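Q:
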Amino acid sequence: MIAATSVLAQAISTGAQPTPISAGTKVVIPSIDWVALLPLLILTVGAIVMVTLTSLMRGRFISRAYPAYTVVVALAALLASLPVWARVQGWTSFGWIDLVPKQPGASTTVGGAVAVDGFSVFVGIVICATVVVTALFLGEYLRREGLDGPEFYVLLLLSASGGLMMAMADDLIVLFLGLETLSIALYVMAAMHLRRVQSQEAGLKYFVLGAFSSAFFLYGIAMVYGATGSTNLVKISAFLSTAVLTKNGLLMLGFALLLVGFGFKIAAVPFHSWAPDVYDGSPTPATAFMSAAVKAAAFAGLVRVFMVTFGSFAEDWKPIVYTLAVLSMVGGAVLAIVQTNVKRMLAYSSISHAGFILVAVSAATERGIQAVLFYLTAYTFMVVGSFAVVSVVGRAGDDHHSLKDYRGLARSNPVLALVFTIFLLAQAGIPFTSGFFAKFYAIIAAVDAREYWLGIIAMLAAVIAAFLYLRLVIAMYMSGPEDAEEPPPVLGPVRVPFGAGLAIAICFVVTLGAGIFPSTLLDPAGKATPQLVTFTPSSSAAGSGSLSGQGP
Amino acid sequence: MSATSVLATEALAPSFPYLPALVLLPFVGTLLIALVPKGRPDMHRLIAIVTSVTVFALSVALLVAFKPGENAYQFIVSQTWVSALDIKFYLGVDGISLFLVVLTGLMFPIALFAAKPQHDEKGYYLWITLLQAGCMGVFLSLDLFLFFLMFELTLVPLYFLIGRWGHGRRVYAATKFFLFTMAGSALMLVAIVALATMAHAGDNGGVSFDLLKVVASGSVSRNAARWIFLGFAVAFAVKTPVFPFHTWLPDAHTEAPTAGSVDLASVLLKLGAYGYLRFGLLLFPEASVWFAPVMLTLGTIGIVYGGIVAAMQRNLKRLIAYSSVAHMGFAIIGIFALNVQGLEGAILVMVNHGIITGALFILLGYIYTRRHTFEIAKLKGLQKPAPIFAAVFTFVMLAAIGLPGLSGFVGEFLSLIGVYLAHRWWALVAATGVIFAALYLLWAYQRTFHGEPDDDNKHFPEMKLSEKLVLAPLLALIVFLGVYPKPVLDRIEPSVKVLVEHVQRANPGLAPADTQAGSDIDPAKVLEGEQVKLENQAGEKSKVDGGSATTVPETGGAGR
Chain A
35 MIAATSVLAQ AISTGAQPTP ISAGTKVVIP SIDWVALLPL LILTVGAIVM VTLTSLMRGR
95 FISRAYPAYT VVVALAALLA SLPVWARVQG WTSFGWIDLV PKQPGASTTV GGAVAVDGFS
155 VFVGIVICAT VVVTALFLGE YLRREGLDGP EFYVLLLLSA SGGLMMAMAD DLIVLFLGLE
215 TLSIALYVMA AMHLRRVQSQ EAGLKYFVLG AFSSAFFLYG IAMVYGATGS TNLVKISAFL
275 STAVLTKNGL LMLGFALLLV GFGFKIAAVP FHSWAPDVYD GSPTPATAFM SAAVKAAAFA
335 GLVRVFMVTF GSFAEDWKPI VYTLAVLSMV GGAVLAIVQT NVKRMLAYSS ISHAGFILVA
395 VSAATERGIQ AVLFYLTAYT FMVVGSFAVV SVVGRAGDDH HSLKDYRGLA RSNPVLALVF
455 TIFLLAQAGI PFTSGFFAKF YAIIAAVDAR EYWLGIIAML AAVIAAFLYL RLVIAMYMSG
515 PEDAEEPPPV LGPVRVPFGA GLAIAICFVV TLGAGIFPST LLDPAGKATP QLVTFTPSSS
575 AAGSGSLSGQ GP
Chain B
152 MSATSVLATE ALAPSFPYLP ALVLLPFVGT LLIALVPKGR PDMHRLIAIV TSVTVFALSV
212 ALLVAFKPGE NAYQFIVSQT WVSALDIKFY LGVDGISLFL VVLTGLMFPI ALFAAKPQHD
272 EKGYYLWITL LQAGCMGVFL SLDLFLFFLM FELTLVPLYF LIGRWGHGRR VYAATKFFLF
332 TMAGSALMLV AIVALATMAH AGDNGGVSFD LLKVVASGSV SRNAARWIFL GFAVAFAVKT
392 PVFPFHTWLP DAHTEAPTAG SVDLASVLLK LGAYGYLRFG LLLFPEASVW FAPVMLTLGT
452 IGIVYGGIVA AMQRNLKRLI AYSSVAHMGF AIIGIFALNV QGLEGAILVM VNHGIITGAL
512 FILLGYIYTR RHTFEIAKLK GLQKPAPIFA AVFTFVMLAA IGLPGLSGFV GEFLSLIGVY
572 LAHRWWALVA ATGVIFAALY LLWAYQRTFH GEPDDDNKHF PEMKLSEKLV LAPLLALIVF
632 LGVYPKPVLD RIEPSVKVLV EHVQRANPGL APADTQAGSD IDPAKVLEGE QVKLENQAGE
692 KSKVDGGSAT TVPETGGAGR
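Protein chains in written order, with this note's numbering: chain A, 35 to 586; chain B, 152 to 711.
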């Protein structure tokens, strides 16, 4: 504690860190780049405004406007990210608007605690897009289940803001703040379905295990702080590149604990046990958001902390990530085979996907980061689209998730069945879908880093996982008698409401679009490199330590 | 002189973009079928037939426009797709792929005419049209990535065709097919990526998936090349199928609907063997020679094992499926004889097997529509009520056995000669396969067509005119290719010679005397001699002009 205070005192004297107010010291408020923070602020303020307004006003009309409002807020945050992207990329014009970027290139703000680089903006956009698509089918879901109320939307926006915070965190404390904001909102969302016991169970389970993992994460931060003397990623990176550690046990323990924390959030085996229960029990839109946005945010943190900051220690953490990747891919795929509940199947498949993304992480190269971003984006739309279908087929009560309930869907809802099939085949990695390229880039990253066996294991795990998706396809298309059409499902055709239809259509277009024109997604992903920019109080654009400079 | 520069000049020549049309037209057809609402089955059928017939016409036009003497890729089309990884929409055709393209063009419309689905017409036509797009893409791709994409694309349509419109244990068969092939291609994807990242064939030493650039770079070490070849080889072995990887085929064939079986046998089984020719030998000339004994052994086992197991079958479709394993064994040993005779024989086996087995499956489909069974025990004495049917069946069956004068003979004979020149003991064992073929087919024929028909089979309907018309072009081709294969060989030979030289250059130890292109044993001459001996009519027998139609440049070729 004494050491910490002395560091703080040092920080006060240099003015480089947010400072506690105490008598006799001059308070230095770091310069804040409001434009770069705008997406985050829009989400947070949007949520707070919603809480305020809905507590003042009541009525049917208002409740109809919740999803639209949420979509507008998320879209605004998404659009607000675009100028930041333009600035980071150093564009001189943006569409028809001429730009004169004030400080082109990546920068850092709020006293070096928040990174403004292509990576944070990219992940932020993905998370905002997840909110948009989720909110589109959330409204109808809540009305169907009789859960109408503003709370779900508020939590969705707050959770997303936590995700954004994680994506742009340049400090382990900010990362932890983001993680908690993201998670706490999600714990509540998981338990939101009042009439389903599984939902309460999911909320509690997610909360207990999530809090447990947060504790691990916090311990990890403490260990890293103890080993390097800072929680700021730039300073940690600078310290590690200059100082020679004679004993690095503390740092290694920090690595391990941080990885446990991240492992819980991305649901990597052996930290996955919460995922099937929570995915199954949570209201389906919450599951969709959980599987897409939490993964994106957690991987953003993982990439920035491990691939970038601890890049010079890649040889130390790579074996752990390698093991996690193999266990998750194979474990997720194998465990999924015996499931009969579609939400649980998708939960295990998401575990397997997490393993696949870890393959790209373990490459520890710039190509690996590009592959992670492509995979996350592709996966977001595949999985949200899939869960949108699941939420529709789940019917009133949200409990028709057995494989039996999908029998004959091809007969009663041919378009829905076909689109779901495309989502599933995309997750299996079939050509001309985004999922194929996602797997392809992950394999390229691994093979490029000379990890041939990992590539082979990954592809074989993908084959095992394909069986899981085929089971769903079989249920929809091939359950009928020979030489006859599929019998329609017992419960009759499902009605696809407009919002869900729109959400599914958006996901479908992105899934096929990125599969046929992968460059449209790959090129931005390639430009979205995370950078560690040293914070200088006067002008925040200074020397950078991007991955390329310190890769293995 | 690099191979690519030769090819670049070729690209300027053609006026009509045959190859993109061949690949993209089925995609357009698929889209159109998808857009026409479900209640219009006639419309779906019409679009599917128009698409496939147009593709067939285009493939014939390609055959006519193809310059026979060239050994380079023709009608090259290249369009950047993913610039960051140098992935291109890169198509080209040479003597090796030409006839497989035409075969694909021919068999799809015939499969469509031969059988109609019982239900869900829209999906059926949609998948069959998409399947054609994938097959065309495989045969025409000169980009490793595009090839893989198309190779994988063929999985989904056939999965649905078997699983939705198949018989009996169709779901099991479809899933088995999907997972087996996907497991094979999974290894191939890693192999392709490893090759591309190791070759550094792109600009500034970057990644490139351009086949010819990768071949030209030649910077993959010998050991790595062997491992990567293994990755490719397993994928192709599953698809071909080569002996221990064949178990999905009998199931898939037995349960598939008629059109699915026809396309599977005629076209899809060729994808793997073609992969060995186009990618295995070209990319890994050294590894191909190193692995040749293994592949020859597996091919020979496939021939013998396929023959023996086929003889034991009680289900006609399963019998033909195992016969496919045996026949594709001839293609494999021909390829890994690694000489001109063997390679030409292998390509002919592929084309002829496509035609003959396609015809056999169509005939089995006709039997099924009449009797709703493939069980040999339930069929008896069909010759009495349906003599024409029996005659046609006999004809196709004799071609499958490899009767001289019919097309089945030519390829198997050449392929055996090739193997005999290179590794004679394998040829001796493999030759027994011909005897097995006679055994299982004649025995099956005897049990189903001979004897007195029982009550169930007494009223077996005779062949209809429409059915005769569907089979007529195949029968004509069986005779034509059996009697006069020269036009085909003329077009295959230049490309094959270049490929063989390419392999020999990489393996200086390989005895050139046996395998020298255009040496004392010229494939076309051998065939003619054999035909004279067998007193088959070979009226148009003409001498192969000296050194055949081409002069192979000393250094040129498909790549180094």
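Yeah, the Cβ is synthetic: ideal placement off N, Cα and C, and Gly gets one too.
Note that the coordinates shown come from a computational prediction; the quantities given were computed from them, not determined experimentally.
Along the chain, where does the alpha helix (DSSP H) containing residue 617 of chain B start, and where does it finish?
A: 616-634
Q: Check whether the region 149-166 of chain A and the region 412-420 of chain A touch, using three or more Cβ-Cβ pairs below 8 Å as the test.
A: yes
Q: What does residue 326 of chain B touch in chain A if you count any residue whose Cβ is under 8 Å from its own?
A: 501, 504, 508
Q: Given 8 Å as the limit, is there contact between the region 475-484 of chain B and the region 383-399 of chain B, that is, 3 or more CB pairs closer than that?
A: yes
Q: Can you list, in chain order, the residues of its chain with a C-beta nearer than 6 Å to that of residue 167 of chain B? Leave out the 5 residues immediately preceding and following it.
A: none
Q: Report, in whole angstroms, the separation of the C-beta atoms of residue 159 of chain A and residue 206 of chain A, which I expect to be a contact under 8 Å.
A: Actually they are not in contact, since the Cβ atoms of residue 159 of chain A and residue 206 of chain A sit about 24 Å apart, beyond 8 Å.
Q: Classify residue 602 of chain B as helix, strand or coil using the three-state DSSP reduction.
A: coil
Q: How about residue 553 of chain A: is its C-beta nearer than 8 Å to some C-beta of chain B?
A: The Cβ of residue 553 of chain A sits closer than 8 Å to at least one Cβ of chain B.
Q: Taking only beta carbons into account, state which residues of the region 534-560 of chain A come closer than 8 Å to chain B, listed in chain order.
A: 552, 553, 556, 557, 560
Q: Reducing DSSP to helix, strand and coil, say where residue 203 of chain B ends up.
A: Correct three-state label for residue 203 of chain B: helix.
Q: Under the rule that 16 or more other beta-carbon atoms within 10 Å means buried, what is residue 177 of chain B, buried or exposed?
A: buried
Q: Do the region 466-477 of chain A and the region 506-515 of chain A make contact, defined as three or more Cβ pairs closer than 8 Å?
A: In short, these stretches do not touch, since the Cβ pair count stays below three.
Q: Could you spell out the range, first to last residue, of the beta strand (DSSP E) harbouring residue 242 of chain B?
A: 238-244
Q: Whose C-alpha, out of B:430, B:592, B:601, B:213, is nearest the C-alpha of residue 256 of chain B?
A: B:213
Q: Thinking C-alpha only, which one of B:440, B:620, B:170, B:579 is nearest residue 650 of chain B?
A: B:440
Q: If contacts are defined as beta-carbon pairs under 8 Å, then residue 171 of chain A and residue 534 of chain A qualify, I think. What distance do you get, rounded to the angstrom?
A: 4 Å
Q: Under the rule that 16 or more other beta-carbon atoms within 10 Å means buried, what is residue 399 of chain B, buried or exposed?
A: Counting Cβ neighbours within 10 Å, residue 399 of chain B comes out buried, since at least 16 surround it.
Q: Roughly how many angstroms lie between the CA atoms of residue 11 of chain A and residue 621 of chain B, to the nearest whole one?
A: Nothing can be reported for residue 11 of chain A, as the shown portion of chain A is limited to 35 through 586.
Q: Is DSSP giving residue 316 of chain A helix, strand or coil here?
A: coil
Q: Would residue 307 of chain B pass as an interface residue toward chain A - the criterion being a Cβ-Cβ separation below 8 Å?
A: Taking Cβ atoms only, chain A reaches closer than 8 Å to residue 307 of chain B, which makes this a yes.
Q: Counting only runs of 3+ residues fully inside the region 515-553 of chain A, write out the beta strand (DSSP E) ranges in chain order.
A: Correct list: empty.
Q: Can you list the alpha helix (DSSP H) stretches of 4 or more residues lying completely in the region 246-278 of chain A, in chain order?
A: As far as the region 246-278 of chain A is concerned, its whole alpha helix (DSSP H) runs of at least 4 residues are 267-276.
Q: Closest to residue 341 of chain A by CA distance: which of A:434, A:495, A:293 is it?
A: A:293
Q: Do you know offhand how far residue 334 of chain A's Cα is from residue 327 of chain A's?
A: 10 Å
Q: Residue 287 of chain B touches chain A at which residues, Cβ-Cβ below 8 Å?
A: Neighbours of residue 287 of chain B on chain A: none; closest Cβ ~15 Å, over 8 Å.
Q: Give the interface partners of residue 235 of chain B over in chain A, defined as CB-CB distance under 8 Å, in chain order.
A: 553, 556, 557, 560
Q: Using the Cα positions of residue 496 of chain B and residue 563 of chain B, report the straight-line distance between them to the nearest angstrom.
A: Rounded to whole angstroms, residue 496 of chain B to residue 563 of chain B spans 6 Å at the Cα level.
Q: If we ignore side chains and look at the alpha-carbon of each, how far apart do residue 351 of chain B and residue 543 of chain B end up?
A: One C-alpha to the other measures close to 55 Å.
Q: Taking 8 Å as the CB-CB cut-off, is residue 398 of chain B touching chain A?
A: no
Q: Taking Cβ-Cβ distances shorter than 7 Å, what residues in chain B pair up with residue 406 of chain A?
A: Result: empty, since nearest Cβ-Cβ is about 16 Å, beyond 7 Å.
Q: In the region 73-150 of chain A, which residue ranges form an unbroken beta strand (DSSP E) of at least 3 residues, counting only runs that do not cross its ends?
A: 141-143, 148-150
Q: For the region 320-361 of chain A, which segments carrying the alpha helix (DSSP H) assignment without a break, of at least 4 residues, lie completely within its bounds, in sequence order?
A: 329-336
Q: Skipping 5 residues on each side, what residues in its chain have a beta carbon closer than 6 Å to that of residue 560 of chain A?
A: 404
Q: What do you get for residue 316 of chain B, buried or exposed, if any count of 16 or more other CB atoms within 10 angstroms of its CB means buried?
A: buried
Q: How far does the beta strand (DSSP E) with residue 230 of chain B in it extend, from its first residue to its last?
A: 225-233
Q: Under three-state DSSP, which class holds residue 482 of chain A?
A: helix
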